[in-house]
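> Residue 73 in our numbering sits at position 56 of the sequence shown, and the numbers go up by one each step.
Let me give you the structure first, and then I'll get to my questions.
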Amino acid sequence: MITDEQRRQLTTFAAAVRASPHNLVSRSAMDELEERHIPESAGLAALLPSEPPQQRLIDVGSGGGFPGIVIAILRPDIQVTLLDGRRKKTEFLRGIAEELRLDVAVLRGRAEELILTEHGGAYDLATARAVAPMARLLPWTLPFLRPGGMLYAVKGERWSEELDDAQVVLRRLRGRVVATPSEIGSGTPNAPRTVIVMRAPS
């Protein structure tokens, strides 16, 4: 159940995205903030597990804050870290997080470099939305996860083909697909097409 305060935060966030001079999202995405992008991000937030408490999540390629900022608003039980490589976007993310008083961390850098630091293997959950095809996305996300951690990758209509193309990478990284969009179905309102991948326990 969304509280009045969370609703206010979502409205403020959408207004900040629109007001930013930095082209945080495409023009078509700007037209669909309230109709698609916020509801889909909220649907993804609802898919995330609630146990164990105080899970750590990294949102890779946070961009304008979808889904990371929305997750931070709706899931205060999860410790959210936002990662993007572009300065203008990380500056926006820091600013809106401060304005909304969200307890999030913001990292600027390349995923393939940060996984070699203390961030590698440090997270329970990872999310990525509209970042890259699965074969490229998996090496940028799975190494952030502890063994048994879960990646929630929001994909387009070609998700099945992308998975087929990523099988070699999936095996190399010891990942295992545990749910696909066809299996998740309509159980969660507004849930986007999401492929859930577990990093195999060591």
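Even glycine gets a Cβ: it sits at the ideal position worked out from N, Cα and C.
If you're wondering where the values come from, they're calculated on a predicted model, not measured in any experiment.
Using DSSP's beta-bridge definition, name the partner residues of Ala-122.
Along the sequence shown, read from residue 1 onward, the residue named residue 122 stands at position 105. Bridge partners of Ala-122: Thr-98.
> Where do the ends of the beta strand (DSSP E) carrying Leu-162 lie?
Residue numbering aside, residue 162 sits at position 145 when the sequence shown is read from its first letter. Note, Leu-162: beta strand (DSSP E), 162-171.
> Could you check whether the region 122-131 touches the region 50-64, counting it as contact only if at least three pairs of C-beta atoms, one from each stretch, sit closer than 8 Å?
Too few Cβ pairs lie closer than 8 Å, so no.
> Could you check how far apart the C-beta atoms of Arg-210 and Trp-176 are, in whole angstroms? I think they sit under 8 Å.
On the sequence shown, position 193 is the one that residue 210 refers to. On the sequence shown, position 159 is the one that residue 176 refers to. That pair is a contact at about 6 Å.
> Apply the 10 Å Cβ neighbour rule to Thr-144 and answer buried if 16 or more other Cβ atoms are within range, or exposed otherwise.
Residue mapping note: residue 144 aligns to position 127 of the sequence shown, counting from 1. Result: buried.
> Is there contact between the region 175-195 and the region 104-121, where contact requires at least three CB pairs shorter than 8 Å?
No, the region 175-195 does not touch the region 104-121.
> Arg-188: which of Gly-173, Tyr-169, Ala-170, Met-215 sits nearest, CA to CA?
Mapped onto the sequence shown, residue 188 falls at position 171. Nearest option by C-alpha distance: Met-215.
> Using the Cβ count rule (16 or more neighbours within 10 Å means buried), how would you classify Pro-84?
In the sequence shown, the residue the question calls residue 84 occupies position 67. Classification for Pro-84: buried.
> Does DSSP classify Gly-192 as helix, strand or coil?
Position 175 of the sequence shown holds residue 192. Strand at Gly-192.
> How many angstroms separate the CA atom of Leu-64 from the CA atom of Ala-152?
Sequence index remark: in the sequence shown, residue 64 carries index 47 (1-based). Sequence index remark: in the sequence shown, residue 152 carries index 135 (1-based). In a straight line, the C-alpha of Leu-64 is about 23 Å away from that of Ala-152.
> Can you give the beta carbon distance from Leu-168 to Ile-95, rounded, assuming they're within the 8 Å contact cut?
Residue numbering aside, residue 168 sits at position 151 when the sequence shown is read from its first letter. Residue numbering aside, residue 95 sits at position 78 when the sequence shown is read from its first letter. Incorrect: roughly 15 Å between the Cβ atoms, too far for contact.
> Ordered along the chain, which non-local residues of its own chain (more than five positions away) have a Cβ less than 8 Å from that of Ser-67?
Taking the sequence shown and counting its residues from 1, one reaches residue 67 at position 50. If we look at Ser-67 and ignore the five residues flanking it on each side, its Cβ neighbours are Asp-94.
> Specify, as a first and last residue, the run of the beta strand (DSSP E) that Thr-28 falls within.
Counting from one through the sequence shown, the residue named residue 28 turns up at place 11. It is not in any beta strand (DSSP E) - Thr-28 instead sits in the alpha helix (DSSP H) that spans 21-36.
> What does DSSP give as the partner residues of Arg-153 in its beta bridges?
Here residue 153 is taken as the residue at index 136 of the sequence shown, counted from 1. DSSP lists no partner for Arg-153.
> Tell me, please, whether the region 70-84 touches the region 101-111 by the rule of three or more beta-carbon pairs shorter than 8 Å.
Short answer: they touch.
> To the nearest angstrom, report how far apart Leu-159 and Ile-86 are at their CA atoms.
The residue given as residue 159 occupies position 142 in the sequence shown. The residue given as residue 86 occupies position 69 in the sequence shown. About 21 Å.
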